[in-house]
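**Q** Encoded as structure tokens, here's the structure I'll be asking about.
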Amino acid sequence: MMWWVVPTVVGCVDGTLINIDAPVENEEQFVDRHGAHSINCMACVGPDRQFFNVSACWPGSVHDARVLRRSNMCADFEEGWRPYPNGIILGDSAYPLKPWLLTPLFRNLEDNAVRRYNKAH
Numbered sequence: 005m006m007w008w009v010v011p012t013v014v015g016c017v018d019g020t021l022i023n024i025d026a027p028v029e030n031e032e033q034f035v036d037r038h039g040a041h042s043i044n045c046m047a048c049v050g051p052d053r054q055f056f057n058v059s060a061c062w063p064g065s066v067h068d069a070r071v072l073r074r075s076n077m078c079a080d081f082e083e084g085w086r087p088y089p090n091g092i093i094l095g096d097s098a099y100p101l102k103p104w105l106l107t108p109l110f111r112n113l114e115d116n117a118v119r120r121y122n123k124a125h
């Protein structure tokens, strides 16, 4: 079996919902897609399992893409900062495709190159 690799990957980003007690103020903003009260926590982890960034200040109703867009990490990457030279990170389909952030492709799944890319991702 051939293993496909994505060169220059230096980390992965993902979000998770952390359940909380219902807050007194702005309670409705903390209701997530599952109906629970939560905060949306985004983290980016590097190849040595070190955290490059953690953002845990957004209500559970906020989409992962917005958490990323408003993060310091996004601003840093947009300005050219990388934890390693030419580094890129992997994210799931909740995130936008960017030059420094690779996400799965959903177009033309019959294309061998697209299938190989998604498998490597």
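FYI, in my numbering the residues of the sequence shown are 5 to 125. Glycine included, C-beta positions come from ideal geometry on N, C-alpha and C. Keep in mind that this is a model prediction, so the values were computed, not measured.
1) What did DSSP end up calling ILE110 once you bin it into helix, strand or coil?
2) Under the three-state reduction of DSSP, which class applies to MET5: helix, strand or coil?
3) Since I believe ILE92 is in contact with GLY64 (beta carbons under 8 Å), could you give me their beta-carbon distance rounded to a whole number of angstroms?
4) Go to ASP4, then tell me how far its alpha helix (DSSP H) extends in each direction, as first and last residue.
5) Around the Cβ of THR20, are there at least 16 other Cβ atoms within 10 angstroms (buried) or fewer (exposed)?
6) Using a 10 Å radius around the Cβ and a threshold of 16 neighbouring Cβ atoms, would you call HIS41 buried or exposed?
**A** A quick look at the data gives this:
1) By 1-based counting over the sequence shown, the position of residue 110 is 106. Here residue 110 is Phe; the residue named in the question, Ile, does not match the sequence. Here PHE110 sits in coil by DSSP.
2) If you number the sequence shown from 1, residue 5 lands on position 1. With a pLDDT of 38 at MET5, under the threshold of 50, the modelled position of this residue cannot be trusted, and the question is left open.
3) The residue you call residue 64 lines up with position 60 of the sequence shown. The residue you call residue 92 lines up with position 88 of the sequence shown. About 28 Å; that fails the 8 Å criterion.
4) Shown here, the chain extends from 5 to 125; a query on residue 4 therefore has no answer.
5) As a first step, residue 20 is located in the sequence shown; it is residue number 16 there, counting from the start. So THR20 counts as exposed.
6) If you number the sequence shown from 1, residue 41 lands on position 37. A residue is called buried once 16 or more other Cβ atoms fall within 10 Å of its Cβ, and HIS41 is buried on that count.
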